[in-house]
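Asker:
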Amino acid sequence: GDSVTQMEGPVTLSEEAFLTINCTYTATGYPSLFWYVQYPGEGLQLLLKATKADDKGSNKGFEATYRKETTSFHLEKGSVQVSDSAVYFCALSMEYGNKLVFGAGTILRVKS
Amino acid sequence: KAGVTQTPRYLIKTRGQQVTLSCSPISGHRSVSWYQQTPGQGLQFLFEYFSETQRNKGNFPGRFSGRQFSNSRSEMNVSTLELGDSALYLCASSLTLMNTEAFFGQGTRLTVV
Chain A
1 GDSVTQMEGP VTLSEEAFLT INCTYTATGY PSLFWYVQYP GEGLQLLLKA TKADDKGSNK
61 GFEATYRKET TSFHLEKGSV QVSDSAVYFC ALSMEYGNKL VFGAGTILRV KS
Chain B
1001 KAGVTQTPRY LIKTRGQQVT LSCSPISGHR SVSWYQQTPG QGLQFLFEYF SETQRNKGNF
1061 PGRFSGRQFS NSRSEMNVST LELGDSALYL CASSLTLMNT EAFFGQGTRL TVV
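From first to last, the protein sequence lines stand for chains A and B. Residue numbers for the first sequence follow our numbering, beginning at 1 and rising by one. Residue numbers for the second sequence follow our numbering, beginning at 1001 and rising by one.
(1) My understanding is that Y88 (chain A) touches L100 (chain A), with C-beta atoms under 8 Å, so please give their C-beta distance in whole angstroms.
(2) Less than 8 Å separating the beta-carbons of N1099 (chain B) and G97 (chain A)?
(3) Is the shortest distance between the beta-carbon of Y30 (chain A) and the beta-carbons of chain B less than 8 Å?
(4) Under the three-state reduction of DSSP, which class applies to V37 (chain A): helix, strand or coil?
(5) Could you check if G1016 (chain B) is buried or exposed, using at least 16 other CB atoms within 10 Å of its CB as the buried criterion?
(6) Under three-state DSSP, which class holds G1058 (chain B)?
(7) Let me know the secondary structure DSSP gives L1083 (chain B) once reduced to three states.
(8) Please list the partners that E1101 (chain B) has in chain A, where partner means a Cβ-to-Cβ separation under 8 Å.
(9) Please classify S83 (chain A): does DSSP put it in a helix, a strand, or coil?
(10) Quick one, are the C-beta atoms of G57 (chain A) and K49 (chain A) less than 8 Å apart?
(11) Going along the chain, which unbroken runs of the beta strand (DSSP E) with 3 or more residues stay wholly within the stretch 3-78 of chain A?
(12) What's the C-alpha gap between F1045 (chain B) and L1090 (chain B)?
(13) P1025 (chain B) to Q1037 (chain B), Cα distance in whole Å?
(14) With T1110 (chain B) as the anchor, note down where its beta strand (DSSP E) starts and where it stops.
(15) For chain B, check one thing: does any of its Cβ atoms lie closer than 8 Å to the Cβ of G97 (chain A)?
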């Protein structure tokens, strides 16, 4: 079945460091890809998305590019802040319906 | 506009009891999906409702059920609670069925003792 694999955490970085969280997927069709973020005690918020190959999603300094050839959607940010500390989930959704298949989540801790 | 509202925020139940959780989607949204989040299994899809009909179902036992009302509000029910049902239950609303952005509520934290 469809699945998402993302790098294990926690990832601990100093403020202003470069962030990469790897995400790869397996899907039978052409999924849309998402990154969600969850702050403590909160639900999930959509961070960015890409709906077709070579699309780049971006938001709040975060970016991810849909790479069909490597079935990847890695999350990057050039300079992290303490406020970026959260759990990040990579997810996919197939063409019909809104069912999301999530990766295990990556805890990000940013130190000042 | 108001976001997705889930009630209650916290629940404590005893094994064998049943529980009903409620979700009010964003105004105008017609699709509601439910997810279970646990430390061991992560985020797992339970089911999706659209126009009062279940459109998709995850791999959960029949003790987990749901419904959607004509105003798009949704409820999920878990009968004969087990300790393993302790989790954060998240509801997400979307405008249509066609793979649109999902907006999540803050969740209901269910503890089974």
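Ideal Cβ placement from N, Cα and C applies to all residues, glycine included. Owing to the predicted nature of the structure, the values given are computational and were not obtained by experimental measurement.
Answerer: To lay it out plainly:
(1) Mapped onto the first sequence, residue 88 (chain A) falls at position 88. Mapped onto the first sequence, residue 100 (chain A) falls at position 100. The pair is not a contact, with the Cβ atoms about 14 Å apart (cut-off 8 Å).
(2) Position 99 of the second sequence holds residue 1099 (chain B). Position 97 of the first sequence holds residue 97 (chain A). In contact: N1099 (chain B) and G97 (chain A) (Cβ atoms closer than 8 Å).
(3) Stepping through the first sequence from its first residue, residue 30 (chain A) is reached at position 30. No - not a single Cβ of chain B is within 8 Å of the one on Y30 (chain A).
(4) Locating residue 37 (chain A) in the first sequence gives position 37, counting from the first residue. V37 (chain A) falls in the strand class under three-state DSSP.
(5) As a working mapping, residue 1016 (chain B) is identified with position 16 in the second sequence. The Cβ neighbour count for G1016 (chain B), taken over all protein chains shown within 10 Å, is under 16; the residue is labelled exposed.
(6) Position 58 of the second sequence, counted from the start, is the residue given in the question as residue 1058 (chain B). Per DSSP, reduced to three states, the secondary structure at G1058 (chain B) is coil, with no helix or strand assignment.
(7) Walking along the second sequence from the start, residue 1083 (chain B) turns up at place 83. In the three-state scheme derived from DSSP, where H, G and I count as helix and E and B as strand, L1083 (chain B) is classed as helix.
(8) Here residue 1101 (chain B) refers to the residue found at position 101 of the second sequence. Within 8 Å Cβ-Cβ: L46 and K49.
(9) Taking the first sequence and counting its residues from 1, the one referred to as residue 83 (chain A) is at position 83. DSSP places S83 (chain A) in the helix class (H, G or I) of the three-state scheme.
(10) On the first sequence, residue 57 (chain A) is found 57 positions in, with the first residue counted as 1. On the first sequence, residue 49 (chain A) is found 49 positions in, with the first residue counted as 1. Yes, Cβ-Cβ distance for G57 (chain A) and K49 (chain A) is below 8 Å.
(11) Here the runs fully enclosed are 3-6, 11-14, 19-21, 23-26, 32-38, 44-50, 56-59, 62-65 and 75-77.
(12) As a first step, residue 1045 (chain B) must be located in the second sequence, where it is residue number 45. As a first step, residue 1090 (chain B) must be located in the second sequence, where it is residue number 90. Distance from the CA atom of F1045 (chain B) to the CA atom of L1090 (chain B), rounded to whole angstroms, is 10 Å.
(13) Locating residue 1025 (chain B) in the second sequence gives position 25, where the first residue counts as 1. Locating residue 1037 (chain B) in the second sequence gives position 37, where the first residue counts as 1. The straight-line gap from Cα to Cα measures roughly 19 Å.
(14) Position 110 of the second sequence, counted from the start, is the residue given in the question as residue 1110 (chain B). Residue 1110 (chain B) is actually Leu in this sequence, not Thr. Unbroken beta strand (DSSP E) run through L1110 (chain B): T1108 to V1112.
(15) Residue mapping note: residue 97 (chain A) aligns to position 97 of the first sequence, counting from 1. Closer than 8 Å to some Cβ of chain B, the Cβ of G97 (chain A) qualifies, so yes.
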